[in-house]
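The block underneath contains the structure these notes are about, expressed in C-alpha cells.
Numbering (the UniProt record's numbering), first residue to last: 1 to 296.
Quick look at the structure:
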C-alpha cells in the first residue's frame, strides 16, 4: 500500500561526575554489534555541553544536537526527554537493539547510544541536507522529480518497518520533519522506534498517543491504538505537503467539510509541464491515505 501511495532525522559537580562514572562502569560491557556505546562525557564534549547553538531540532522525544567526534565525524545526538524515566537499562538496551537491527537504505541508521542513571541518548549520522520540512520552506524549491523520489523513498522505508521488521515497528510520528535528506536528497526516515521506547516509562499505559498536531490519525487520537494505518495517515499528510508546499496546519483548515481539502489542493497552481491527470491522481492517493479507516 505504501509503495503504491509513494509514487510519490560539563558535568555539574563532583557528585554528578561520580554518579555518571559509576553508572557507566555498570554498563561498559554493553555490546550491540556495530552500535557504539558512548560515554556521556564524550557526547558533552562533542556537542559543546549541549549548546543551544548546536541544536538541529526540537521535538516530542527530545532535542537533537549537532556533534563532532574526536576523529572529525559529524553526528546528530538526540537527548531523550526524561531519560531517567524512559524504562530500565535492560529495557532501553532491548529497544536500542531493535532500532539498530532495522537496516534499510531509506532508514536512519543508529550509530550509537549512551545510557546512564539519568540520561538516555541516541547518536545518528548527520544528514547534511536537513529535513523535508526545512527544504520545503527553503530556496530553491525542490523540483517535482525530487519530490516524487522523496515520497517513494519514505514509502519504502515505512514499508520495511511494517513488513520486514520482527516485531514490526509502527513509527507513530510520520511527518516532513522526520524525513531527512542525505547528500543525494534521498529520503531517510528518522525517529522510528522512539515512541515504543519511551512508552516504557509508563509501563501500565502502552497506548500513549504520540505524534504531532495535524499528522495524527483521528482513530489513533480517539482510541490510543496505533497500527500501520496510523503511519499511512501520516504518510498521506506528508504527500500533501510535498504536493502543495504547505504545512499540515495550513491546509488542514480546509478539511472540516467532506472533500474540501481535495478541492482546495486541486485548485492550487502547478507547473504547466505536469499533466493535470497525474496531479489529480497523486492528490487523490494522498487524500485517500488520510482516510485510513477506509483502507483494507
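Even for Gly, the Cβ is constructed at its ideal location relative to N, Cα and C.
Residue environment for residue 88: exposed (fewer than 16 other C-beta atoms within 10 angstroms of its C-beta). Inter-residue distance for residue 163 and residue 155 is about 12 Å (C-alpha atoms, whole angstroms).
Secondary structure at residue 40: helix, using DSSP grouped into helix, strand and coil. When DSSP states are grouped into helix, strand and coil, residue 139 belongs to the coil group. With the rule of 3 Cβ pairs closer than 8 Å, the region 129-149 does not count as touching the region 88-98. If you draw a 10 Å sphere on the C-beta of residue 166, you find fewer than 16 other C-beta atoms in it, and that means exposed.
If you ignore the 5 residues before and after residue 125, its C-beta comes within less than 8 Å of the C-beta of 75, 76, 108, 109 and 111, all in its own chain and listed in chain order. Counting along the chain, residue 229 sits inside the alpha helix (DSSP H) bounded by residues 228-244. Note on geometry: alpha-carbon atoms of residue 48 and residue 42 lie some 10 Å from one another. When secondary structure is reduced to three states using DSSP, residue 123 falls in the strand class. Taking residue 168 as the centre and dropping the five residues before and after it, the same chain places the C-beta of 161 and 162 closer than 7 Å to its C-beta, in chain order. Within a 10 Å sphere around the beta-carbon of residue 105 sit fewer than 16 other beta-carbons, which makes this residue exposed. Of the other Cβ atoms in all chains shown, fewer than 16 fall within 10 Å of the Cβ of residue 90; this residue is therefore exposed. Residue 58 counts as exposed, since fewer than 16 other C-beta atoms from the protein chains shown sit within 10 angstroms of its C-beta.
The distance from the Cβ of residue 189 to that of residue 234 is about 11 Å, inconsistent with a contact at the 8 Å cut-off.
In the three-state reduction of the DSSP assignment, residue 113 falls in the strand class.
CA-to-CA, the gap between residue 60 and residue 236 works out to about 21 Å.
Where residue 181 is concerned, there is no enclosing alpha helix (DSSP H), although the beta strand (DSSP E) around it starts and stops at 179-181. In this structure residue 50 touches residue 79 by the C-beta definition: roughly 6 Å separates them, less than 8 Å. With contacts defined by Cβ atoms closer than 8 Å, residue 102 and residue 133 do not form a contacting pair. Considering only 242, 67, 128 and 227, the residue with the shortest C-alpha distance to residue 170 is 227. Using a 10 angstroms sphere on the CB of residue 178, the tally of other CB atoms reaches 16 or more, which defines it as buried. Rounded to whole angstroms, the separation of the alpha carbons of residue 232 and residue 146 is 21 Å. In this model, residue 68 and residue 180 are separated by some 19 Å (Cα to Cα). Its Cα nearest to that of residue 119, the residue 62 stands out among 53, 245, 62 and 127. In this structure residue 44 is buried. Its beta-carbon is surrounded by 16 or more other beta-carbon atoms within 10 angstroms. As for any beta strand (DSSP E) of minimum length 3 sitting wholly inside the region 44-93, the runs are 55-59, 62-68 and 74-80, ordered along the chain.
Each residue's CA atom was taken as its position, placing residue 151 and residue 240 some 10 Å apart. Bridge pairing for residue 188: 180 [DSSP]. In this chain, the alpha helix (DSSP H) harbouring residue 152 covers 144-163.
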